[in-house]
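Working notes, structure below.
Residue numbers (the UniProt record's numbering): 1 to 280.
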């Protein structure tokens with residue numbers, strides 16, 4: 001084989017090898033760049049989540065501190081909840097202090113392995129802060145719930161005391177006055193005596209409350225609709241004469257068997273405020 005042919009073949013092989021190496025190098029570089037970009041994207045996503053959880057925990061800490069600043073143990077129904085919130089606040093603050101300094105990482109100058117390691121660390125930090133925020137939020141909510149529970153208990157006690165006084169000072173009222181008043185007397189207490197003319201069911205009775213004395217017995221007229229709840233300890237029967245303290249509920253309208261529309265006063269009473277009367 002001529003020498004020039006040998007030289008040409010050698011040159012061709014050399015050029016071919018250089019080209020192959022260049023292509024492989026470019027592919028490897030491209031893959032490396034893609035891996036770096038993917039790692040950086042992953043880092044940015046994790047960093048965004050990390051910052052979000054950091055901000056969330058900071059806000060929960062501020063909210064809990066505000067609760068602690070404005071709530072004393074005696075303000076809540078369960079006093080230990082305030083102490084529990086204080087403990088959870090301290091623990092959450094420690095978590096925030098531990099994981100609050102990851103923003104100085106150099107993502108641009110870091111390798112894929114370094115980026116992956118930082119992502120793992122940030123994901124762990126975000127998870128810890130999320131858990132701390134949820135625990136703190138739950139403790140804060142329990143204090144708020146207990147605060148309003150005590151307020152409700154106090155309000156119920158005041159209402160019960162006011163109702164007790166209203167019942168004690170209740171006076172009688174005629175059927176005509178009650179009927180004409182309609183809803184204007186709703187919520188006010190009055191004393192009554194009457195005859196049960198019908199047990200409607202479910203604690204509801206039709207009671208005649210105007211007594212007309214007769215020669216040998218009393219006659220009762222003017223019907224009201226009385227709801228008794230909770231029920232009386234004494235079983236109430238039709239024709240029983242009862243005395244009771246009841247609250248006006250305005251009037252109620254119903255349709256009679258004959259199709260007529262009838263409006264009568266409506267009353268409500270507790271069973272403890274209803275008793276059998278010896279006066280029939």
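Ideal placement from N, C-alpha and C gives every residue a C-beta, glycine not left out. Only a predicted model underlies this, so the values are computations on that prediction, with no experimental measurement involved.
- In this structure, residue 268 lies away from residue 234, with their beta-carbon atoms at least 8 Å apart.
- Take the alpha-carbon of residue 40 and the one of residue 48: they are about 12 Å apart.
- Sequence-distant Cβ neighbours of residue 93 in its own chain, meaning closer than 8 Å and more than five residues away, are 61.
- When the alpha-carbon of residue 133 is set against those of 275, 98, 57, the nearest one is in 57.
- Excluding sequence positions up to five before and after residue 72, its CB lies within less than 8 Å of the CB of 82, all in the same chain and listed in chain order.
- Look at residue 179 here: in three-state DSSP terms it is helix.
- Going by beta carbons, residue 189 and residue 247 fall inside the 8 Å limit.
- Counting of Cβ neighbours within 10 angstroms places residue 262 among the exposed residues, the total staying below 16.
- The beta-carbon distance between residue 78 and residue 146, rounded to whole angstroms, is 5 Å. This is short enough to meet the 8 Å contact definition.
- Residue 218 and residue 210 have their C-alpha atoms roughly 10 Å apart.
- In this structure, the straight-line span from the alpha carbon of residue 162 to that of residue 244 is close to 18 Å.
- In this structure, the beta-carbon distance from residue 207 to residue 194 falls below 8 Å.
- With fewer than 16 other Cβ atoms inside 10 Å of its own Cβ, residue 237 counts as exposed.
- Rounded to whole angstroms, residue 59 and residue 128 show a C-alpha spacing of 15 Å.
- Relative to the Cα of residue 100, the nearest Cα in the group 167, 76, 258, 51 belongs to 51.
- In its chain, beyond the 5 residues on either side, no residue has a beta carbon closer than 6 Å to the beta carbon of residue 164.
- Apart from the 5 residues on each side of it in sequence, residue 86 sits with its Cβ closer than 8 Å to the Cβ of 68 in its chain, given in chain order.
- Exclusion of the five residues before and after residue 178 leaves 265 as the residues of its chain whose Cβ lies within less than 6 Å of its Cβ.
- When secondary structure is reduced to three states using DSSP, residue 167 falls in the helix class.
- The closest CA to that of residue 239, considering only 225, 220, 250, is found on 220.
- Take residue 142, set aside five residues on each side of it, and the residues of its chain with a beta-carbon closer than 6 Å to its own are 81, in chain order.
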